[in-house]
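*Asks:*
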Amino acid sequence: MPKTLTSNSLADGRFDKQDFIYIASDDEYRCPAGQRAIKRFTTIEAGMMLDVYWTSACPHCPIKARCTPSPYRRIRRWKHEAVLEAMQQRLDRQPEMMRVRRQTVEHPFGTIKYWMGWTHFLTKTLARVRTEMSLHVLAYNLKRVMRILGIGGLMRAMSAWAA
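The letter at position 131 of the sequence shown is residue 144 when you use this note's numbering, and the numbering goes up by one with no holes.
#1: On a Cα-Cα basis, can you pick out the residue from I164, V150, Y42 and W91 that is closest to T124?
#2: Can you tell me which of L167, C71 and M146 puts its alpha carbon nearest to the alpha carbon of P84?
#3: Using a Cβ-Cβ cut-off of 8 Å (strictly less than) and excluding sequence neighbours within five positions of T136, which residues of its own chain qualify?
#4: Which word fits A50, buried or exposed, when buried means at least 16 other C-beta atoms lie within 10 angstroms of its C-beta?
#5: Go ahead and pull the three-state DSSP assignment for F54.
#6: Sort out for me which residues DSSP pairs R90 with in a bridge.
#7: In whole angstroms, what separates the C-alpha of I57 from that of R27?
#8: S42 lies in the alpha helix (DSSP H); which residues open and close that run?
#9: Unbroken beta strand (DSSP E) runs of length 3 or more, entirely within the stretch 128-155: which are they?
#10: Using 9 Å as the threshold, is the C-beta distance between M62 and K92 below it?
#11: What is the DSSP secondary structure of R106, counted as helix, strand or coil?
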């Protein structure tokens, strides 16, 4: 799955997080101006542990206007972001993987969402939503098997499995 890009910086003509190079051995970022953005603190936002980095050179940086309107450009890095970066590298090497994923995985979810009426789940709490989703997936799988094997084929397969 591709890494999501949620920053408005690029849309506003400023540097995006991708323009900052993470140096794992030093646990710091290199900014587009060549300055070191070091880890300042760790925080938890929306249940995710994030490290926050910035450089002290921001206020006097000659390209600051292309970077941030704030006094300092802060870069947030999720504790498990290396996993996302490894996946993005695999996708960059094999872009056809997303085409295959769309053909095999997203079609069933689109179909299920269509059956649900393009709406939200009818239950609340994670356990109940899991149950509701499991029922949707079961219905999808049964309808798919019936379409492939037919009702008689499905009944024979179920009888053979139960025996």
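Even glycine gets a Cβ: it sits at the ideal position worked out from N, Cα and C.
*Replies:* On the basis of the data shown:
#1: One-based indexing of the sequence shown puts residue 124 at position 111. Closest option to T124, Cα to Cα, is V150.
#2: Counting from 1 along the sequence shown, the entry for residue 84 is found at position 71. Nearest of L167, C71 and M146 to P84, Cα basis: C71.
#3: Counting from one through the sequence shown, the residue named residue 136 turns up at place 123. Answer for T136: V142, T144 and E145, listed in chain order.
#4: Your numbering for residue 50 matches position 37 in the sequence shown. When all chains shown are included, A50 counts as buried.
#5: Against the sequence shown, residue 54 aligns to sequence position 41. Note: F54 maps to strand in three-state DSSP.
#6: As a first step, residue 90 is located in the sequence shown; it is residue number 77 there, counting from the start. Answer is D64.
#7: By one-based count along the sequence shown, residue 57 stands at place 44. By one-based count along the sequence shown, residue 27 stands at place 14. Approximately 26 Å, taken between the alpha carbons.
#8: On the sequence shown, residue 42 is found 29 positions in, with the first residue counted as 1. Sequence check: residue 42 is Tyr here, not Ser. Per DSSP, Y42 belongs to no alpha helix (DSSP H); it is in the beta strand (DSSP E), E41 to R43.
#9: none
#10: Within the sequence shown, numbered from 1, the residue matching residue 62 stands at position 49. Within the sequence shown, numbered from 1, the residue matching residue 92 stands at position 79. Their beta carbons are under 9 Å apart, which means M62 touches K92 by this criterion.
#11: Sequence index remark: in the sequence shown, residue 106 carries index 93 (1-based). Note: R106 maps to helix in three-state DSSP.
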